[in-house]
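Everything below concerns the one structure shown next.
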Amino acid sequence: MRRLPIYFLIDVSESMIGEPLSHVQNGVETIIQELRTDPYALETVYLSIIAFAGRAKKLCSMQELSSFYPPRLPIGGGTSLGNALNFLMNDIDSTIQRTTADTKGDWKPIVFLFTDGAPTDDTTAAFERWNNKYKGSANLIAISIGDNMDTAVLKEISENVLQLKDTDEVSFKAFFKWVTASIKTTSVSIASLNSDDLKLAPFSDDFLTKIEQEMSMPIKVDENFAVILGKCQNTKQPYLLKYQKRVDKDDFSYLTRVGGRHFKFVGAYPIDNSYFEMVDGYANGNLTGKRINTSELVGFPSCPCCANQVAIGLCMCGNIMCVGNEQTSTCPWCGVQLSFKESGGGMDIGRTRG
């Protein structure tokens, strides 16, 4: 039986932490459950998941639908789309069975790319490689989650660029139903017409929009989010503090902030050390990316790991740690002991690449 390979290429950068990543995790699980009820999909569909942030990682090799179990999605730093695309192309070379004079190979792979932010690496070489060698032999559907993505970038590698307008639970559920229906439609086409032409299911404009025109938004570091990496001094566990750029039409306080912008607090999330396996822009545990002034941040949470009152304490090593009522604190990054006092104004702290 010839396989229909399906790749999920999923952005797991810091800007995805919280509800977006949770919705994607649940959505992938729903897709698997639904496809297992379809006899055509059971016969042909094979699945693989590649996650990417600053680096890319294969979470699940190409497996038949009946034995596929969705892995837990990690979180990482950066949105290296070029690196992710190269990783995907290398996997296609080693995994997909090509048609030869003696043997019919796999059907044309379908790649669903999910991303919510601008690439933080140079995509030029990877895009050229994709367009020259792979674009004609694989179907790539690129989905922009929310309105922060530079869709012009995605149009460089695919004619099928879609934007998920809202990132609420209802929109995500409708979107993943559409993904499931598209896979089913293609598998039926293979079985009945012996054709692997891409058959995308119809969708409602209420939740999904096809991008027809390119929009220019040249940006390498995602400025739509400010995500702060810290470590708990008690548990030594890393955590992320997520802020999103906002301007409320009835709130003019942002005019007094640095550069006329501000970022509102979204959530504080404990993570594990697998984060550092998928992050770029760090050296010896220290941030090497951009910085942000705390006067640009609205909302200062407690530590999500130990509930210390302050989650943004700046050590002399440049890293962020949590601070409680203790007289002497120990930095979980460098081990130095120090005492904190409240700052009278804003301070520059490291931010991740988003």
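full-length UniProt numbering applies: residue 1 is where the sequence shown begins, and numbers increase by one.
Every residue gets a Cβ at the ideal spot worked out from N, C-alpha and C, and that includes glycine.
Taking 8 Å as the cut-off, the Cβ atoms of P119 and G82 count as close. Minimum Cα-Cα distance from I141 among the listed residues N148, F175, N132 and D168 corresponds to F175.
Short of 8 Å from the beta carbon of R291, and not among the five residues preceding or following it, lie these beta carbons of its own chain, in chain order: D348, I349, G350 and R351. When the Cα atoms are used, S158 and G117 turn out to be separated by approximately 17 Å.
Residue environment: N139 is assigned as buried (16 or more neighbouring CB atoms within 10 Å of its CB, all protein chains considered). If you ignore the 5 residues before and after L314, its C-beta comes within less than 7 Å of the C-beta of I320, M347 and I349, all in its own chain and listed in chain order. Runs of the alpha helix (DSSP H) spanning 4 or more residues and lying entirely within the stretch 107 to 141 occur at 124 to 129, in chain order. For P39, the three-state secondary structure derived from DSSP is helix.
Collapsing the DSSP output to three states places P5 in a strand. Between C334 and Q237, the C-beta gap is not smaller than 8 Å, which leaves the two residues out of contact. Residues of the same chain with a CB within less than 6 Å of the CB of N160, apart from the 5 flanking positions on each side, are I141 in chain order. Per the DSSP secondary-structure output, P71 pairs with nothing in a beta bridge. Judged by their CB atoms, P71 and E29 are not nearer to each other than the 8 Å cut-off. Listed in chain order, the non-local C-beta contacts of T330 below 7 Å within the same chain comprise Q233 and Q337, local neighbours out to five positions each way being set aside. The residues D116, I145 and T167, in chain order, have a CB closer than 7 Å to that of P20 in the same chain once the five nearest residues on each side in sequence are set aside. In the DSSP secondary-structure assignment, E64 is bridged to Y46.
Taking each of F225, N224 and I271 in turn and checking the Cα distance to Y239, the smallest one comes out for I271.
The continuous stretches of beta strand (DSSP E) do not include K236, and DSSP gives it neither H nor E.
Taken in chain order, the whole beta strand (DSSP E) runs of length 3 or more contained in the stretch 286 to 314 are 291 to 293 and 310 to 314. Membership of D348 in the beta strand (DSSP E) is indicated by the continuous run D348 to G350.
Counting the other Cβ atoms within 10 Å of the Cβ of M1 gives fewer than 16, which makes it exposed. DSSP lists Y239 as the bridge partner or partners of P270. Assigned with DSSP and collapsed to three states, T209 falls in strand. For I92, the closest of S61, S80, F68 and S66 by C-alpha to C-alpha distance is S61. Taking C-alpha positions only, A311 is separated from V227 by approximately 13 Å. In terms of Cβ geometry, Y40 and V179 do not form a close pair [threshold 8 Å]. Inter-residue distance for I183 and F114 is about 16 Å (C-alpha atoms, whole angstroms).
Looking at the backbone, the Cα of P74 and that of D196 are separated by about 32 Å. Counting along the chain, L81 sits inside the alpha helix (DSSP H) bounded by residues L81 to T95. Rounded to the nearest whole angstrom, the CA to CA distance from Y243 to D102 is 56 Å. Apart from the 5 residues on each side of it in sequence, K57 sits with its Cβ closer than 6 Å to the Cβ of A51 and M278 in its chain, given in chain order. Only residues of its own chain outside the window of five on either side were considered, and among them F127 have a CB closer than 6 Å to the CB of E156, listed in chain order.
I143 and E342 have their C-alpha atoms roughly 43 Å apart. In chain order, I10, L73 and F114 place their CB closer than 7 Å to the CB of V24, counting only its own chain and leaving out the 5 sequence neighbours on each side. Secondary structure note for V323: its beta strand (DSSP E) is the uninterrupted segment I320 to V323.
In this structure, the straight-line span from the alpha carbon of Q163 to that of M16 is close to 15 Å.
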